[in-house]
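> In terms of the working numbering, the sequence shown opens at residue 1 and continues consecutively.
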Amino acid sequence: MCRILAVQKTTPTQPQKLLYSFAEMCKKSRTPDGDRQGDGWGIAWLDEATTWKSYKSTSPVWEDTKIFEQLPETRLFIVHARSKSFETDSVDEAFNQPYLSNTIACAFNGELHGVMIPAEGKIGAEKIFSLVQKYKSENLTTTLQKLNQQLDIGVKEVIGSNIVVSDSSALYALCKHWGKTPDYHTIRYIHDSQTTIICSEIITLEGINNSVWKEMSNGEVIQLSFD
């Protein structure tokens with residue numbers, strides 16, 4: 001179980017302030033089992049040519065903040081801090097998210113038990129990403145709705161399944177859990193004419209009151225863009 005931050009702006013902006021807030025949140029946050037989000041992290045961002053670039057590390061995000069100052073301005077980025085779900089899982093940079101495929105960037109936070117859906121991948125996050133690619137349609141909202149249906153049918157227990165994905169033009173999210181840990185597995189977001197922020201928890205933002213954050217409903221799929 002992990003933490004996710006996704007940000008889209010109408011114009012390129014420096015990501016540093018948001019990243020520091022995210023890192024501080026991750027340092028304080030604990031999973032329902034009491035674990036930290038300290039098994040590595042990654043960030044994917046769009047460059048000037050609208051191509052995805054990425055950085056990944058096995059260090060906790062709050063111990064790797066020097067890299068923040070090296071990141072360029074961007075109008076869209078997705079960050080993921082990992083907390084491996086099972087002790088048998090390894091801390092491996094290859095498992096760190098976001099995952100990229102052509103125009104798609106995807107991050108997953110959750111815990112699935114008894115996955116019966118045929119999917120490629122060694123860990124749950126990789127399997128979810130393979131399903132996103134399998135069900136990919138012209139509209140990623142439809143993709144996430146299809147995946148939501150398949151999770152109901154093909155997984156014995158969904159402790160949590162939060163997915164944030166982007167096709168470089170918009171941000172899409174699925175919020176799903178079985179109600180055992182709703183606060184931990186509820187996605188929050190802010191959306192206006194210039195900024196979209198999606199996050200696993202409310203983070204401190206300069207000049208923004210926490211009351212403007214909205215919560216996704218269980219099983220809800222959203223598409224946030226500036227069109």
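Beta carbons are placed, not taken as given, at the ideal position from N, Cα and C, and that holds for glycine.
Going by DSSP in three states, residue 228 sits in which element: helix, strand or coil?
The first residue shown for the chain is 1 and the last is 227, placing residue 228 beyond what the model contains.
> Taking the C-alpha atoms as reference points, what is the distance between residue 12 and residue 74?
Here residue 12 refers to the residue found at position 12 of the sequence shown. Here residue 74 refers to the residue found at position 74 of the sequence shown. Residue 12 and residue 74: Cα-Cα distance of roughly 4 Å.
> According to DSSP, residue 166 sits in a beta bridge with which residue or residues?
For this step, residue 166 is matched to residue 166 along the sequence shown. Note: residue 166 sits in a beta bridge opposite 105, 171.
> Alpha carbon to alpha carbon, how far is residue 123 from residue 86? Give it in angstroms, no decimals.
In the sequence shown, residue 86 corresponds to position 86, counting from 1. In the sequence shown, residue 123 corresponds to position 123, counting from 1. Because the pLDDT at residue 86 is just 49, under 50, the model does not fix this residue reliably, and the value given afterwards should be weighed accordingly. About 10 Å.
> What would DSSP say about residue 160, mapped onto helix, strand or coil?
Within the sequence shown, residue 160 is the residue found at index 160, counting from 1. Strand, per DSSP.
> Consider the C-beta atom of residue 37 and the heavy atoms of the ligand FAD; say whether any pair is separated by less than 6 Å.
Absence of the ligand FAD is noted for the structure shown, with no ligands found whatsoever.
> May I ask you to report which of helix, strand or coil DSSP gives residue 178?
In the sequence shown, residue 178 corresponds to position 178, counting from 1. In this structure, residue 178 counts as coil in the three-state DSSP scheme.
> Would you report the Cα separation of residue 46 and residue 27, rounded to the nearest angstrom?
Sequence index remark: in the sequence shown, residue 46 carries index 46 (1-based). Sequence index remark: in the sequence shown, residue 27 carries index 27 (1-based). Each residue's Cα considered, the two are about 26 Å apart.
> Go through its chain and collect everything with a Cβ distance to residue 178's Cβ below 7 Å, but skip five positions before and after it.
Position 178 of the sequence shown, counted from the start, is the residue given in the question as residue 178. So the qualifying residues of the chain are 157, 158, 159.
> Under 8 Å, with one C-beta from each stretch per pair, do the region 215–224 and the region 31–43 reach the 3-pair mark?
Inter-segment contact for the region 215–224 and the region 31–43 is absent: fewer than three beta-carbon pairs are separated by less than 8 Å.
> Enumerate, from N- to C-terminal direction, the unbroken beta strand (DSSP E) stretches of 3 or more residues contained entirely within the region 25–83.
41–46, 52–57, 74–81
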